[in-house]
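In the UniProt record's numbering, the protein residues as written are 1 to 788. Ideal placement from N, C-alpha and C gives every residue a C-beta, glycine not left out. Before any comments, here is the structure.
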């Protein structure tokens with residue numbers, strides 16, 4: 001019997017049997033290894049539950065278990081997924097859309113290997129030579145190395161020893177400590193000079209004089225009853241700027257530190273958006289940031305900037321657009337560092353191949369969009385020598401123009417061809433079409449999903465009667481008639497980022513789509529010139545500010561009429577039906593989960609044993625509405641809640657309206673009590689849209705609203721946008737999806753390329769004219785799309 005006749009074994013397959021994570025219904029699948037498998041299905045059908053929460057999660061858990069108990073103590077405590085059997089797993093690397101963290105020291109260059117390679121390059125070729133690679137790092141404090149010696153050899157013996165005095169071990173700018181910006185404090189927001197410390201003069205969050213802070217300030221020697229305005233110059237200097245000083249209070253050794261350095265260490269090292277609302281408000285009120293005058297924002301010391309290659313220092317090259325930097329490196333002809341130059345060239349060219357050539361290496365990593373962050377993470381893996389890895393991607397085409405999707409497809413195939421298993425959760429037909437194998441989940445979302453509807457080839461999917469199969473070849477048609485504008489939003493001389501003094505009129509009273517390749521200037525044009533104007537409502541995919549307690553019911557205001565309906569039906573107070581108020585389980589404070597802090601180890605989460613994760617007191621759960629208690633209602637999906645409240649059990653017209661809007665934006669599968677922290681960027685945008693639909697704004701700006709939407713749901717979104725326009729709203733959509741472009745009344749296309757090759761309006765007019773002239777990248781792709 002030949003090898004080909006043998007049935008596939010675990011060496012060739014990843015086998016999943018009986019997966020039940022989230023909404024999965026005993027799912028069993030066989031996924032071919034070293035192939036590209038795409039997982040499809042409507043939003044909420046169970047794709048992520050199978051790929052991320054089952055396969056990738058178990059791979060990571062098993063890898064963690066190979067480490068010693070000591071090392072495992074510093075790792076997250078991963079639970080085994082709810083699955084009967086998994087076989088054939090390999091090491092999984094998740095390349096997701098999570099933003100690249102809140103570390104203000106992280107840049108595009110440090111997040112990849114590019115900066116490390118450049119530091120080695122400058123340490124070898126820079127003139128003057130100032131030290132090792134770390135001498136060019138803005139994350140290593142600048143220190144001179146004393147007594148460093150080098151030897152010159154002749155004939156294998158030491159000829160002479162040379163003491164090099166000007167050698168540095170780090171390149172951090174001392175003034176801004178490698179941040180590139182210095183903070184300026186508004187002292188009136190730090191303290192009230194009319195009050196004493198004892199009266200609460202300090203207005204910094206957390207500085208209460210009732211606890212240990214009061215004892216520390218008193219123990220240091222401050223007069224707690226003297227108004228700040230009567231402090232001597234030294235007392236005020238100690239209050240604000242004193243370096244950490246050991247003191248003894250009530251026999252206990254403590255440390256006193258001035259208010260300003262304390263703020264810098266405890267608050268300003270964190271990302272503003274990750275702060276609690278009251279702390280963020282304080283920062284925005286009390287602190288302004290400006291470019292460091294010492295390093296001019298480069299983050300580097302004068303010594304690091306003095307060393308140059310062909311007239312450019314490391315800050316100069318990191319500031320360059322990556323496509324230009326790649327050309328600069330290509331022109332360096334230095335045989336002594338040839339392998340290094342080859343590796344650096346590969347990394348920089350990978351940025352261009354992946355559609356990120358318009359970035360610069362000094363771009364803060366936290367400013368990248370989810371799609372840009374995911375593609376930046378890919379850079380590391382494209383050059384990796386590892387094989388037989390399972391790479392897991394979450395909608396890698398997000399934020400990509402059709403022109404860039406072709407390049408992304410090539411990169412996915414490149415990873416596969418290196419001998420890796422590539423698993424992709426995706427909605428775009430252009431990427432589904434390149435799959436070796438497809439797993440389609442559904443048939444619907446939430447409780448209506450969680451089953452495998454189809455497994456097989458692309459041709460097989462086309463012929464199947466699944467929702468994905470039926471809609472796979474859908475093409476939106478150009479409108480026979482487009483709407484006439486009712487006015488215009490004028491933009492004159494726009495020059496944000498790469499925009500080249502753009503003048504454009506955005507028509508009002510219709511659906512206007514702004515498009516162009518990634519990095520062409522779309523977001524710069526709209527967010528830089530439209531946001532903040534009267535009547536403009538911006539609905540983006542950014543994180544929803546709020547705690548882990550927030551959910552769709554609380555965020556949309558839906559919980560209010562539900563609580564009132566429960567209160568009316570049971571003749572009790574509405575506050576009982578809030579897990580943030582009187583009805584909360586006392587053991588977990590209404591979280592449903594107990595968080596156990598284990599010092600240096602990971603925080604452990606466990607379901608509250610008293611309420612069993614339901615978040616409410618047992619006595620509250622005895623009250624019912626239509627036969628259901630409050631926890632059972634919050635466990636319903638939007639679609640289930642619509643039917644429940646429509647059944648006449650409660651007179652809740654306000655709840656009906658909110659539920660209808662959530663269903664309108666394609667979120668019928670979300671449960672009312674699902675934590676907002678678990679939503680994707682596209683889901684966050686749509687929940688914001690549902691909340692704003694009843695608002696007073698006249699102009700809605702949406703940033704890629706098709707993110708995370710199945711082919712079948714895009715049609716529903718277009719219907720919703722039409723209804724909004726017909727209700728009197730003006731809709732401006734930043735979008736790459738060709739169905740949305742085809743459905744537009746007006747298109748503004750930016751380009752022709754990205755970065756400094758973009759920033760111009762290359763077309764403005766109706767979609768039919770864009771298709772007819774085919775002169776822009778968008779025009780060419782849209783013409784192919786509508787032609788079918």
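Spatial distance of residue i from residue j (CA atoms)
| i | j | result |
| --- | --- | --- |
| residue 28 | residue 456 | 14 Å |
| residue 798 | residue 194 | With the chain covering only 1 through 788, there is no way to say anything about residue 798. |
| residue 502 | residue 22 | 48 Å |
| residue 362 | residue 656 | 49 Å |
| residue 608 | residue 594 | 6 Å |
| residue 305 | residue 175 | 15 Å |
| residue 694 | residue 718 | 18 Å |
| residue 279 | residue 205 | 6 Å |
| residue 266 | residue 453 | 51 Å |
| residue 394 | residue 514 | 25 Å |
| residue 20 | residue 449 | 12 Å |
| residue 700 | residue 54 | 38 Å |
| residue 654 | residue 260 | 48 Å |
| residue 751 | residue 387 | 38 Å |
| residue 127 | residue 407 | 38 Å |
| residue 52 | residue 783 | 36 Å |
| residue 161 | residue 135 | Low confidence applies here, because residue 161 scores a pLDDT of 39, under 50, leaving its location unreliable; read the following figure in that light. For residue 161 and residue 135, the distance between alpha carbons rounds to 22 Å. |
| residue 282 | residue 269 | 15 Å |
| residue 218 | residue 197 | 9 Å |
| residue 577 | residue 625 | 12 Å |
| residue 244 | residue 18 | 58 Å |
| residue 749 | residue 735 | 10 Å |
| residue 93 | residue 423 | 10 Å |
| residue 723 | residue 664 | 10 Å |
| residue 686 | residue 298 | 38 Å |
| residue 309 | residue 332 | 9 Å |
| residue 14 | residue 437 | 13 Å |
| residue 522 | residue 528 | 10 Å |
| residue 419 | residue 12 | 12 Å |
| residue 550 | residue 645 | 22 Å |
Selected residue, minimal CA-CA separation from residue i, among the options
| i | options | result |
| --- | --- | --- |
| residue 730 | 613, 265, 745 | 745 |
| residue 530 | 550, 552, 507 | 507 |
| residue 451 | 633, 116, 440 | 440 |
| residue 207 | 229, 537, 694, 256 | 256 |
| residue 855 | 136, 130, 139 | Because the chain in this structure spans residues 1 to 788, residue 855 falls outside the shown range and cannot be described. |
| residue 378 | 406, 777, 414, 517 | 414 |
| residue 179 | 231, 376, 105 | 105 |
| residue 247 | 402, 128, 220, 747 | 220 |
| residue 328 | 550, 337, 312 | 312 |
| residue 352 | 473, 682, 382, 738 | 382 |
| residue 294 | 182, 371, 472 | 182 |
| residue 662 | 683, 574, 464 | 683 |
| residue 229 | 215, 209, 201 | 201 |
C-beta contact flag for residue i and residue j at 8 Å
| i | j | result |
| --- | --- | --- |
| residue 713 | residue 753 | no |
| residue 497 | residue 524 | yes |
| residue 421 | residue 442 | no |
| residue 171 | residue 142 | yes |
| residue 556 | residue 658 | yes |
| residue 390 | residue 90 | yes |
| residue 348 | residue 326 | yes |
| residue 427 | residue 709 | yes |
| residue 36 | residue 434 | yes |
| residue 800 | residue 399 | Nothing about residue 800 can be read from this structure; the chain reaches only from 1 to 788. |
| residue 702 | residue 689 | yes |
C-beta neighbour in chain B for residue i, strict 8 Å
| i | result |
| --- | --- |
| residue 771 | Among the chains of the structure shown, chain B does not appear; only one protein chain is present. |
>> Does the contact criterion of 3 or more C-beta pairs under 8 Å hold for the segment 184-192 versus the segment 303-316?
In response: Too few Cβ pairs lie closer than 8 Å, so no.
> For the segment 578-589 against the segment 610-624, are there 3 or more C-beta pairs whose distance is under 8 Å?
Replying inline: They touch, by the three-pair rule.
> Quick check: the segment 631-649 against the segment 666-683, are there 3 or more CB pairs under 8 Å?
Replying inline: They touch, by the three-pair rule.
>> Threshold first: 4 residues or longer. Then list the alpha helix (DSSP H) segments lying entirely within the segment 8-87, N to C.
In response: Listed in chain order, the alpha helix (DSSP H) runs fully inside the segment 8-87 are 47-50, 57-64, 69-72, counting runs of at least 4 residues.
>> Whether or not the segment 110-130 and the segment 76-87 are in contact is what I'm after, with contact meaning three or more pairs of Cβ atoms, one per stretch, closer than 8 Å; do they touch?
In response: No, the segment 76-87 is not in contact with the segment 110-130.
> So, do the segment 57-74 and the segment 35-49 have three or more beta carbon pairs nearer to each other than 8 Å?
Replying inline: By the Cβ rule, the segment 57-74 does not count as touching the segment 35-49, because fewer than three pairs are nearer than 8 Å.
> For the segment 230-263, which segments carrying the beta strand (DSSP E) assignment without a break, of at least 3 residues, lie completely within its bounds, in sequence order?
Replying inline: When DSSP assignments are scanned along the segment 230-263, the uninterrupted stretches of beta strand (DSSP E) that are 3 or more residues long and fall wholly within it turn out to be 245-249, 252-256.
>> Give the list of continuous alpha helix (DSSP H) stretches no shorter than 4 residues that lie fully inside the segment 398-481.
In response: Here the runs fully enclosed are 402-417, 429-432, 458-463, 467-471.
> Can you give, in chain order, each stretch of the alpha helix (DSSP H) that sits fully within the segment 560-643 and has at least 4 residues?
Replying inline: You should have 630-634.
> Unbroken beta strand (DSSP E) runs of length 3 or more, entirely within the segment 294-340: which are they?
Replying inline: Restricted to the segment 294-340, not a single beta strand (DSSP E) segment is unbroken, complete and at least 3 residues in length.
>> Threshold first: 3 residues or longer. Then list the beta strand (DSSP E) segments lying entirely within the segment 642-695, N to C.
In response: As far as the segment 642-695 is concerned, it has no whole beta strand (DSSP E) run of at least 3 residues.
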